[in-house]
Amino acid sequence: MSTLDTTSDVPRRPFSGRRVRLGDLLLQGVAGLAALGATVLVGLIAYKIVEGSRLSISTFGLGFLQRVGWDPVHNLFGAETFLFGTAVTSIGALILATPLALGIALFLTELAPNWVRGPVTALVETLAAIPSVVIGLWGILVLGPVLLNDVMPALHSALGFIPLFGPTSTGASVFTAIIVLTIMILPIVSSISRELFLGVPSELKEAALGLGTTRWEMVRGVILPYTRGGVAAAMILGLGRALGEAVAVAQVIGSFSGNGISWNLFNPGNSIGSELVNEFLNYSTTLELSSLFYLALILLVFSLAVNLLAQVIVRRVARRQGFVS
Amino acid sequence: MSAADATQLGRRNDRLRRRHAVNRGMELLAWLAAAIAVAILGIVVVSVAKRGASQLNLDLFTKTPTATAFTLHPVAQGISNAFVGSLVIVGLATAFALPIGILIAIYVNEFAPGAVKNGIGLVLDVLNGVPAIVIGIFVFGLLVVGHGQSGIAGAFALAVIMLPLVARSTIEVLALVPNTLREAGLGLGVPRWRTTLGIVVPQAVGGIVTGAVLAIARIAGETAPLILVSSIAGSSVAWNPIHALQTVPVAIFQLSEEPDPQAHARAWAAALVLVLFVLVVSLVARWFATRSRRKLQGAR
Amino acid sequence: MSVVSSSIEPTVRVETKRQPLPPRERLETVFEIENLDAIYGSKSALKGVSLEVYKNLVTAIIGPSGCGKSTFIRCLNRMNDLVPSFRQTGTIRYHGQDIAARDVDPVAVRRTIGMVFQRPNPFPKSIYDNVAWGLRVLGMRDNLDDRVERALTQAALWDEVGDRLKASALSLSGGQQQRLCIARAIAVEPDVVLMDEPASALDPIATQKIEELMHNLKTEYTFVIVTHNMQQAARVADMTAFFSISRGEEGARWGELIEYDATEKIFTAPSDKRTEDYVTGRFG
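Line by line, the protein sequences are chains A, B and C. For the first sequence, the numbering used here assigns the number 1 to the initial residue and increments by one for each residue that follows. For the second sequence, the numbering used here assigns the number 1 to the initial residue and increments by one for each residue that follows. For the third sequence, the numbering used here assigns the number 1 to the initial residue and increments by one for each residue that follows.
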């Protein structure tokens, strides 16, 4: 009767509610479960590492960090040697890599002709992609002999009065490990720095150059202060990378299992990571295994602290940049 | 005033000359830094290429390592068991980490409220920050103690490393899918789950695949955890992950520490294959990424 | 004070403090630009520009957008060198010396020929350090405090910031920041100050302060300013150069100098019809 009656046969209850909601719930549930699983995983990792170290913690307590020597025969273990090695290699690599990375970043942003920029950037990123075991292989078989035969003796004769550059004996040394780590953290520090330098507003650079300053004076007065925080974060991230690197270090550091600390960079040494890689499967007592877990715990805590520090710095820099712009 | 100097622009006084010298010095240093970076990469790549290529032959892929180091007659040796093992372990790890990583990304991007989003982001960051060796020790404690090494443990360890990588890159790609697409689907009356799985994810599939492939390239070279949980393996080709399987990075590691130059030769060859694999895969992934990004932009 | 009245149409009525120009023989030439062509990549930006800039005057460059005013002024202190695709031909003589020549040091040029930019761009440092940084780098460290105070006073900023020199420059208002940039530029004792639309990002009161600055500082510096605001040119400039866009084949466009004369003449009795059209607002 009404001419407005539609002729379509849409059912009077077109919304079949329940089936639809089930699908949504299912997806959300499964996906949420996955997310929950990741969270549980993190907790599980922490739990397992702590649980594994419990015996050693109760035996040695915090003194573990100061004890020197790893002695399975007498069941006495200490982390000092490895802490020292980790500190020396990581910090040494950071000291070498930072100026190099900044130099590369400045080159790419201020100096390089256009046709050079792309290839060099790609090159540095390729370096980052090479697996650490390959760099370690190269370190043992190529870098080690060169350092042993040429570089280390030269350094020793020139700077031998500094205890860092003592007599050389082997190609597998702390020094080799520092060089290898430098190579490995170079890409991350330099690519972050490059991004930061690109972000400096060109009007600030022009203001400085307009006063009649040289390019370097402009870099020192405008670019470097402006990117100070970000570069710090990049360095911290590089440090974190160095801390976590175990395999390449294990291959080139010489695995000095003696019971002392040597300041001579040319001696073999050991870091937490390299000790874990090389000796983990060789444990003989449960206390030794637990102490190895304890070492892993120390490494985990350091890595997470360093990562957290980097995040904090990034956040503070972002806030300040936002205020500035 | 400076009117006097002003008329002598071309004449460099001492101070200006010194400043220019410092500037030139710094430029030189920057060039040097770049040259060092190029040189290092060049040396490493050339070493691997040269030494690896000279040792590269089919035997590498088809023969197994000799059982002992002491044989009277040199026998052609290879590391076929390592390639097979890597294939199995990386394959298993991907099968495990990829779907879960994608699901996590879907949850974070499509369902999670703000605070939960940040929380999971934090979880992923923390997971990403755990050193690989610690993950190896974790898996050791979880799966190896009492049971022995296994390929499954190796796959699990690699999956743990892969998870935050896949999740992060998928989150980024999903965030790029414009909201209008979701609204279009929902507006049609299509339920949330179908919109997500049928429209959003397929739109992002290019980026997801890219992220996954890059993650695979990354874990293909991961050594530390495998040394702990899947390194003591026989020299014959094995497919069953219940037992420990040999893998390429672990083989390189072990060969690099042997004193035998033959072992070194095989290590170089294997390293060359590994590096080529990683580089080619990364290149293909990035090419695919630019291509799918162009498609994404073209579709808008 | 005199009022400029137009004999064409009373469209440009401004109050100006400008004194009448001294006779031509008493004007000293600072810049002698001859046949300047400026090219970016393959596109011409300027063609055949020739004019003379005189000492202790304010010279304004006016014209429609895209006529190459900014390009022109940036040629005067070699700032265009920073653009990789830039090339120029012709000569720019500064007190007789061609500053576009290969062997002339652009760093030295910029020290003597300073620049203030369109948007205030103070360094993210303190007010004091903004002025002092250039002085330190360029070796003018003696009596630093006095130099900073003098520069800020000349820029009419000292009264406002003299008691908080350590505060961040970014806490100042836009107008104050621009005056700080002027102080920064004049602290290093240039001979010429180039200004690329210095007040276009500022409110009228801040603009007025800057115009007053130029008038007061004329005795010590030579000013060349680019402005898209005709009234500003009429108020502030002694000489005015009018640039406009010329077109060629295949959509090529470039800037040319149309007319250059005393400001009074440009705005009351311009010689070129295009100038007349522009200043009376018929186009541009």
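By construction, the Cβ of each residue, glycine as well, lies at the ideal position given by its N, Cα and C atoms.
First and last residue of the uninterrupted beta strand (DSSP E) at residue i
| i | result |
| --- | --- |
| residue 115 of chain C | 113 to 116 |
| residue 47 of chain C | 43 to 54 |
| residue 14 of chain B | Premise fails: residue 14 of chain B lies in the alpha helix (DSSP H), 14 to 55, not in any beta strand (DSSP E). |
| residue 30 of chain C | 29 to 40 |
| residue 223 of chain C | 222 to 226 |
Span of the alpha helix (DSSP H), counted from its first residue to its last, around residue i
| i | result |
| --- | --- |
| residue 250 of chain C | Per DSSP, residue 250 of chain C belongs to no alpha helix (DSSP H) and is neither H nor E. |
| residue 90 of chain A | 80 to 106 |
| residue 199 of chain B | First-last for residue 199 of chain B: undefined, no H or E at that position. |
| residue 275 of chain A | 272 to 279 |
| residue 85 of chain C | Run containing residue 85 of chain C: none; DSSP gives neither H nor E here. |
| residue 83 of chain B | 80 to 106 |
| residue 62 of chain C | Element bounds for residue 62 of chain C: not the alpha helix (DSSP H) but the beta strand (DSSP E), 58 to 62. |
| residue 142 of chain A | Where residue 142 of chain A is concerned, there is no enclosing alpha helix (DSSP H), given that its DSSP letter is neither H nor E. |
| residue 216 of chain C | 204 to 217 |
| residue 180 of chain B | 179 to 187 |
| residue 137 of chain B | 132 to 139 |
| residue 283 of chain A | Run containing residue 283 of chain A: none; DSSP gives neither H nor E here. |
| residue 336 of chain C | Any property of residue 336 of chain C remains undetermined from this structure, which presents chain C solely from 1 to 284. |
| residue 256 of chain B | 248 to 257 |
| residue 114 of chain A | 114 to 129 |
| residue 235 of chain A | 228 to 244 |
| residue 225 of chain B | 224 to 229 |
C-beta atoms of residue i and residue j nearer than 8 Å
| i | j | result |
| --- | --- | --- |
| residue 188 of chain A | residue 96 of chain A | no |
| residue 249 of chain B | residue 274 of chain B | yes |
| residue 227 of chain C | residue 233 of chain C | yes |
| residue 93 of chain B | residue 158 of chain B | yes |
| residue 33 of chain B | residue 308 of chain A | no |
| residue 121 of chain C | residue 204 of chain A | yes |
| residue 228 of chain B | residue 151 of chain B | no |
| residue 192 of chain C | residue 58 of chain C | no |
| residue 112 of chain C | residue 100 of chain C | no |
| residue 133 of chain A | residue 223 of chain B | yes |
| residue 44 of chain B | residue 138 of chain A | yes |
| residue 180 of chain A | residue 136 of chain A | yes |
| residue 58 of chain A | residue 294 of chain A | no |
| residue 171 of chain A | residue 148 of chain A | yes |
| residue 52 of chain A | residue 262 of chain A | no |
| residue 77 of chain A | residue 279 of chain A | no |
Alpha-carbon to alpha-carbon, residue j and residue i
| i | j | result |
| --- | --- | --- |
| residue 46 of chain A | residue 298 of chain A | 11 Å |
| residue 249 of chain C | residue 98 of chain B | 59 Å |
| residue 72 of chain A | residue 284 of chain A | 7 Å |
| residue 217 of chain B | residue 93 of chain A | 26 Å |
| residue 48 of chain B | residue 57 of chain B | 15 Å |
| residue 43 of chain A | residue 286 of chain B | 34 Å |
| residue 278 of chain C | residue 210 of chain B | 57 Å |
| residue 274 of chain C | residue 258 of chain C | 8 Å |
| residue 72 of chain B | residue 85 of chain B | The pLDDT assigned to residue 72 of chain B is 47, lower than 50, so where the model puts this residue is not dependable; a value taken from the coordinates is nonetheless given after this. Answer to the nearest angstrom: the Cα atoms are 29 Å apart. |
| residue 211 of chain A | residue 281 of chain B | 49 Å |
| residue 64 of chain B | residue 80 of chain B | 5 Å |
| residue 234 of chain B | residue 253 of chain B | 16 Å |
| residue 155 of chain B | residue 142 of chain B | 13 Å |
| residue 38 of chain A | residue 48 of chain A | 15 Å |
Proximal chain F residues relative to residue i, where beta-carbon distance stays under 7 Å
| i | result |
| --- | --- |
| residue 139 of chain C | Absent from the structure is chain F; the protein chains it does hold are A, B and C. |
List in chain order: all unbroken alpha helix (DSSP H) runs of 4+ residues lying wholly within the segment 167 to 198 of chain C.
-> Secondary structure in the segment 167 to 198 of chain C: the alpha helix (DSSP H) runs of 4 residues or longer, each lying completely within the stretch, are 174 to 187 in chain order.
Take every Cβ of the segment 145 to 156 of chain C, pair it with every Cβ of the segment 111 to 124 of chain C, and state whether three or more of those distances are shorter than 8 Å.
-> no
Any 3 or more C-beta pairs closer than 8 Å across the segment 63 to 75 of chain C and the segment 250 to 261 of chain C = Touching, yes, given that three or more Cβ pairs across the two stretches are closer than 8 Å.
Are the segment 161 to 169 of chain C and the segment 194 to 206 of chain C in contact at 8 Å, needing three or more beta carbon pairs?
-> no
The segment 103 to 111 of chain B contacting the segment 187 to 207 of chain B, beta-carbon criterion three pairs below 8 Å | yes
Decide if the segment 125 to 137 of chain C is in contact with the segment 218 to 225 of chain C; the criterion is three or more beta carbon pairs, one per stretch, under 8 Å apart.
-> no
Inter-stretch contact at 8 Å, needing at least 3 Cβ pairs: the segment 120 to 129 of chain A / the segment 221 to 238 of chain A = Contact between the segment 120 to 129 of chain A and the segment 221 to 238 of chain A is absent, because fewer than three Cβ pairs lie under 8 Å.
Is the segment 175 to 186 of chain C in contact with the segment 248 to 255 of chain A, if contact means three or more CB pairs nearer than 8 Å?
-> Touching, no.
In chain order, which continuous runs of the beta strand (DSSP E) of length 3 or greater are located wholly inside the segment 150 to 187 of chain A?
-> none
Cβ pair count under 8 Å reaching 3, the segment 19 to 30 of chain A against the segment 186 to 198 of chain B = yes
Just checking, does the segment 156 to 171 of chain A make contact with the segment 37 to 53 of chain C on the three C-beta pairs under 8 Å criterion?
-> no
For the segment 222 to 229 of chain A against the segment 271 to 284 of chain A, are there 3 or more C-beta pairs whose distance is under 8 Å?
-> With a cut-off of 8 Å, the segment 271 to 284 of chain A and the segment 222 to 229 of chain A do not count as touching, because too few Cβ pairs lie within range.
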